[in-house]
Structures are given as structure tokens and as C-alpha cells.
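From first to last, the protein sequence lines are chains A and B.
Quick note: the first sequence uses numbering that gives the first Met the number 0, first residue 0, plus one each step.
Quick note: the second sequence uses numbering that gives the first Met the number 0, first residue 0, plus one each step.
Here a beta-carbon is modelled for each residue, glycine too, at the ideal position from N, C-alpha and C.
There are 2 protein chains.
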Amino acid sequence: MANIKDVAKMANVSISTVSRVINGTANVRQELRKKVMKAINELNYRSNPLARGLKGFPTRTLGLIIPNIENPFFPAMVRGVQDVANRNGYAIFLCNTDEDPQLEEIQYFLLLEKKIDGLLLVVSSMNVSFLDKEPHAPVVLLDRYVENSDLSYVVVDHKMGMNLVLKHLENIGRKKVVFLGSKDVTSGAKERLESFVEYFKGVANLKTGIFFGEYSEKSGAYMTQKLLSKRIDFDAIVCGNDLIAFGAIKVLKNHGVNIPDDVSVVGYDDIFFSAYHSPKLTTVHQPTYELGEIAAHLIIDEIEKKEHEPKKHIRLEPRLIVRETSISGRIKNVNS
Amino acid sequence: MANIKDVAKMANVSISTVSRVINGTANVRQELRKKVMKAINELNYRSNPLARGLKGFPTRTLGLIIPNIENPFFPAMVRGVQDVANRNGYAIFLCNTDEDPQLEEIQYFLLLEKKIDGLLLVVSSMNVSFLDKEPHAPVVLLDRYVENSDLSYVVVDHKMGMNLVLKHLENIGRKKVVFLGSKDVTSGAKERLESFVEYFKGVANLKTGIFFGEYSEKSGAYMTQKLLSKRIDFDAIVCGNDLIAFGAIKVLKNHGVNIPDDVSVVGYDDIFFSAYHSPKLTTVHQPTYELGEIAAHLIIDEIEKKEHEPKKHIRLEPRLIVRETSISGRIKNVNS
DNA sequence: AACCTCCAAGAAAACGTTTTCAAGACAATA
DNA sequence: TATTGTCTTGAAAACGTTTTCTTGGAGGTT
């Protein structure tokens, strides 16, 4: 691989001049500039980013830490990040944490060591103490924020999302609504839960209306199983995510419960396959791709703008997608 | 950030000694070693990978180029790669090409420039000329191989996969089998097509039995639409991937065709949601996670083993997953 | 003509490491 | 005691850049 010295030799100039031509950092006579350019092309020279980085130049590298790329929620987000990162000449490191705060910290320091210019982070718990420890790279939080931290973040307004769901259920006459969530403590889950509780403040069956498991189909099935065996009275299930909803629907079907006539089921996330599921899932669409895009823009701005910009807190609006699991086609047609 | 000089100063030794302690590259007196260790801990020193890389040390960084992370086929593969990479201390750059060879080449050189130690590549066409141009980093091909190249690769045996499908259809008495594929020229697609053609060699309706579109639900629907409007006679559809199958099923359902009694539909890939689809999709399961794992092992071996190992060509066995779209439950139960 | 200013370009320092080279200490051998 | 060898350590070179410092010359002003 040709280095700057080779270029200098070929062009008969000093390496300083070559550097100046490359970076446009000072005036160079037309004649020399041309010679240098020619040498660069002939040798197919590309400056070594390691050496550059050593001099404090940005590495044009971003870190992206997410819980798990296999979770259907994340690929679109990742793609959003990558598209704008790429457009701006950044490459991105992708890491999974499996929602394990310890692993998260390890990944964080590993990336820091790689001299990334900035980090996009989907935190997996509400206290990420390591972020205060060494504020070495700019950080933008993604999808979830942490309290008591002034980092920029871009999230979805889950309060609004949950309200959309509950208003919809109220509109179609559902009175006994049950929530199947997860005991995780991320900002989104908290917001949804709080919003749910608030909505039903003062309603008698509230206490029995909330159940916790995991964000999986299996757990959704299990919780629903329990719901039935405990003979809890409900006419609607609100789920913490689509996977849980799939599990719930499966069990309800197996028990001969009619969806949506007997029970409405609403998911959350609108992952790719919710539209293919049978019956098609009513759910809350999260603009995940945009989430990634905007976060990438934020971090790049923070990196490249010299002036210390104020931290930005962005909340994107989710949309309720009414499909077949909350309200029957016949009724829907009558209404529309 | 503390550097090696600070450590040396604090421990009252030369930087050479510190370096030797860190890398265990030569003997250092116990006493000094301890002092150095203490200084390292106290200053929370971590050696700068940029400076190391400049000296020719590996960067412990891998590139992973795939067509599109939003394609449900890839997340598990990516995760497989990441898990073993992580276990071995490598971080990975993830890039999308959208199956565009030109973009692929750009990404390739971008990663090379980042001084990755090795590259995992899902090629998007059969001729990747840039791989010969500058063989700078070890490359392992993933999921698809290219002809006339001696690179290591790990792929799924699609010949076997297609045979499993066709044998299954033959077993259940299907005679008029139609193939809905894509005109892409990847090794996997080619193998499947060839295998299909070979299987039906000499059968009269072969010519009309093959249709090309794209790997999407939309395209699957479109092709099936055409199949119906052309009044082509068929009792089984073999699809290039699961998405196409979903589209086909949707259209068939809309036209009152009974699945699987009138027509069997078989997908390919067994993406996560094929088990949730209604009816549940019969399809060929690809061991994508293992694909990623093995590829990562291969590339790491190639990087770390000094001796020039022979290139390895690994073919993983797919499995046919018989669900509800190829053979009706009643019949299946009778058989079992 | 003498002086100052400005500009283009080269020399050299710096970034943080690893590694080669040289040297000093000490033990072992003759 | 002189010689050889081994072991430990420090000094310095090297990796490929950017940037500061320096220099030489051209042009303008008095």
C-alpha cells in the first residue's frame, strides 16, 4: 500500500505539500497540486486512517449498541442509522447486549477503545452509571432515555401510543381491559404502563388488570393461559409488544375464544409481520426507521458542529394501526 | 486519557518496559512488573489501538457486508457472526448493499480503509471483480459463493434443500409443480433453480413451470395473480423464499383456492414468522445463525493462524419444515 | 537601494505505540 | 582474573500522518 512518502517522492515534493493538497488546508501552487493529484491517482493512494486518528482526527466511526438484532423491532432502526451514517461517510460498529447492563458496559468500553467518534445507545436499564464515568465520546440515546441524564435522545411518545390504544378500545366499547407487559424498566415500558394506569384511574378491576412476563410469544401465551385458568374477566388485551400479542392470540384461539368478537387484542411495535399474521394484528406503529435516521443525524451534528449545541430531546409520534384483532371487519365496515 | 508515557513515569520505568509488561513480549523483573501493573490500574490506562494498528498490529475489527439487515433472513446470521466475534474480542462493522454490486464495492474499500483484519461478505452478484484487485484482507464468503474464486465460504446446500421440497411434494402426490423465483444470479438461487430443473427433466409442463419476479411478498402476489389469470394448471407452488410464499398464499386465498387441499405452497428460508403465518408455512429451514457462527470462526482462524491454511468450503444442511401449507392436517395425522 | 510583508514549500516535531539495538549487571566458565 | 553468556532494561527508530516552525524568494513601500 502506497503511503504519503511514495506520493511525495513521485511528485517531487515534500510530504507536507502532499498533506496540504489532500486536506486543502493551505495554498499550494496549481502546478504542484496537479503533480500531487496525478501521483495520488497513479499510486491509488488512500491516507491511512490510523495515522490520522493518532493525530486526533476523527475516525469517522460510530458505535451502535442495541439489545438484540434478532428482535424484529431493531433491524429497521439499525438500517435507518446506517443509511444516514453512510451518506455522511461514517461506518458503524454494531453490538448486542441482550439487555444485560453488564455486557452493555463492556461493549461501551470496547467501542470507546476503538476510538469511535460517537455512540448511539439503546440502553437496557434506567441507570447507566458508566455514561457519567468517562464522557469521552458524544452519546445519543435511542428508543429509550434514562432519567437524570441530560444526553440527547430520540424516542417514541409511548404515552401517546398507549392513549391511542385505550381510546380505540373505549370507542369500540371494551370495558375490561387487561395489560400484558414485561417487568423491564425501560423508559418506554414505564411510560406505557403509567399511561395505562392513569387512563383507568379509579376503575375497580385495575389491580387485577396488569400482568408481567417477558417480551416473547411464549411469555404472551403463558400469561394468557394464566388469565384463562384464573377465570379473569376481560374483553380486551393490551400487549407490551407484538410478540406477546401473538402468544395471546394463539392461546385464545386454542380455547375457542373469538377474536375480536369476544376479546380484542392489541399489540405494540407493528413489526413487519404483524400485517401478515392471521388475524392481522391491530397494533401501534413505531417509526423505527426514522428513529434511527434522526438519531444518526443528531450524533453527527453533535460530532461535527464545533459549538457546544444544546442537547435535544425528540419524541416521535406513533400511529395506531387498526387491523383485525381489535374490531371485526363487519363492524368496521358499518362504521366506515 | 493516560498514555504509556504517563504509566512509565508513574512506575519509574521506561516506556519499553511498560510495553513489555502489557504484551508479555519479554521478561520483566517481578518488582517492576508489579509497579507497572499498579500504575496501569491507577491511571486506568488502556493502550491506544490506533497507535498499535499503525505498527501493524491487528485492529481486532471485522467487516460484515450483507444485502439488507431489514431482510428477515439476515438478523440471525448477523447475530451468529457477532456472538463468536465478540467472544474472540473482535468488533464488527456492519454494511448494507441492497444487492447493488457498485455499492458493495464502495463498502468494501471503505472497510479496507478502516484497516479491518478480515471481511465477511454476502456477495450480491456472481462476479465480484474487486476481490481480485487488492487482496488486502482475508475474506470469507457467507451464504453465497462465487465461481472461479478460491475464497473460503460457508453456504447452505440449496441443491439438497430443493430436493427435500420436491421429494416431499412428490410424496404427497403433487404432479404439476410451479416455481416462483427471482431472476437474481446468486449461487443459492442458481442452485435451487438448477436443482428444480433437473428434478423435472423430461416432464412436459416444465417450460411453463418457472416464473421470475423479486424476493418480496408483493412480487409473490403478482406472480400468482398472473398464474391464475393465465389459467396455468398447477397443484403446487415452490417459492424462492418465504416472502414470495406469503404473497402467493394471500392471492390464492383471495381467489378461494384452498391451501393445501387444492394447492400446496412451500417457502424457503424459514424466517421467524413463517411459523406464525396462517396457515403455517411449510418451508426449508436455513441454519442462518450457524452460518454466521461458522463464518466468523473461519475468518478468525484465517487471521490468527500464521500458517497459510487451505481454503475451506463448507455446506450446511437445510431441513424441510412441514407445516400446514403443503399437506392438510387431517392427511398428515392419518400418515403419522 | 534597503527594508518589510507575505506566500509557498520544506524540515522537523508530534501523536502513542512496538521493536530493534545497545548497554549494564551479574553469573558461570576457563 | 579474564572471557563469555544471559538477563534485564533503557534509548531510539519506526509506523503514516498533521501541524508547527523555518526558510527563501517575490513583491511592495519608503
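Would you mind sorting residue i into buried or exposed? The rule is 16 or more other CB atoms within 10 Å of its CB.
| i | result |
| --- | --- |
| B:N334 | In this prediction, B:N334 scores a pLDDT of 37, lower than 50, which makes its location untrustworthy; the coordinate-derived value is nonetheless stated afterwards. B:N334 is exposed by the Cβ-count criterion. |
| A:R329 | Reliability of the predicted coordinates at A:R329 is poor, the pLDDT of 49 falling under 50, and the value obtained from them is presented with this limitation in mind. Burial call: exposed. |
| B:R78 | buried |
| A:D261 | exposed |
| B:T24 | exposed |
| A:E308 | exposed |
| B:V6 | buried |
| B:N332 | Low confidence applies here, because B:N332 scores a pLDDT of 39, under 50, leaving its location unreliable; read the following figure in that light. With fewer than 16 other Cβ atoms within 10 Å, it is exposed. |
| A:E169 | exposed |
| B:K304 | exposed |
| A:S128 | exposed |
| A:N147 | exposed |
| A:S15 | exposed |
| A:V35 | buried |
| A:E103 | buried |
| A:V154 | buried |
Run through DSSP, which three-state label would residue i get?
| i | result |
| --- | --- |
| A:N70 | coil |
| A:F195 | helix |
| A:A25 | coil |
| A:A220 | helix |
| B:L227 | helix |
| B:H157 | helix |
| B:G255 | coil |
| A:R78 | helix |
| B:I14 | helix |
For residue i, list the residues DSSP reports as bridge partners.
| i | result |
| --- | --- |
| B:N2 | DSSP output for B:N2 lists no bridge partner at all. |
| A:V177 | A:I236 |
| A:N95 | A:I65 |
| A:A90 | A:T60 |
| B:T281 | B:V265 |
| A:Y152 | A:L140, A:H312 |
| B:I320 | B:T282 |
| B:G209 | Correcting the residue identity first, residue 209 of chain B is Ile in this sequence and not Gly. Looking at the DSSP assignment, B:I209 forms a beta bridge with B:F178. |
| A:H276 | B:H276 |
| B:G117 | B:L61 |
Give a yes or no on whether the minimum CB-CB distance between residue i and chain B is below 8 Å.
| i | result |
| --- | --- |
| A:Y214 | no |
| A:I91 | yes |
| A:P71 | yes |
| A:P137 | no |
| A:L319 | no |
| A:R314 | no |
For chain A, is any of its Cβ atoms less than 8 Å away from the one on residue i?
| i | result |
| --- | --- |
| B:E112 | yes |
| B:V77 | yes |
| B:Q81 | yes |
| B:S128 | no |
| B:S277 | yes |
| B:E197 | no |
| B:N95 | yes |
| B:L150 | no |
| B:G255 | no |
| B:E292 | no |
| B:G52 | yes |
| B:L49 | yes |
| B:N332 | Note that B:N332 scores a pLDDT of 39, beneath 50, so its modelled location is shaky and nothing firm can be said. |
Quick check on this structure: which residue in the options has the alpha carbon closest to the alpha carbon of residue i?
| i | options | result |
| --- | --- | --- |
| B:A1 | B:K34, B:N22, B:A38, B:N26 | B:A38 |
| A:D82 | B:D97, B:N85, B:R86, B:K8 | B:D97 |
| B:T336 | B:P259, B:I14, B:V122, B:Q106 | For residue 336 of chain B there is no data in the structure shown, the boundaries of chain B being 0 and 335. |
| A:H254 | A:Y275, A:A220, A:P286 | A:A220 |
| B:K217 | B:F195, B:D234, B:D241, B:I231 | B:D241 |
| A:M159 | A:K114, A:V283, A:G172 | A:V283 |
| B:M9 | B:R19, B:N40, B:I236, B:E104 | B:N40 |
| B:F72 | B:G246, B:G239, B:S327, B:L118 | B:G239 |
| B:E301 | B:K189, B:V27, B:M222, B:Y152 | B:Y152 |
| B:V321 | B:E289, B:L297, B:T281, B:I293 | B:T281 |
| A:N162 | A:L290, A:P317, A:L297, A:R59 | A:P317 |
| B:L140 | B:A90, B:K310, B:F195, B:K249 | B:K310 |
| B:S277 | B:R51, B:K252, B:H296, B:Y267 | B:K252 |
| A:Q224 | A:S124, A:R19, A:K249 | A:K249 |
| A:S263 | A:L150, A:V176, A:V17 | A:V176 |
| A:N67 | A:I209, A:A75, A:H135 | A:A75 |
With respect to 7 Å, is the separation between the Cβ of residue i and the closest non-hydrogen atom of the ligand SAH below this value?
| i | result |
| --- | --- |
| B:Y89 | Looking at this structure, you won't find the ligand SAH or any other ligand, since it has none at all. |
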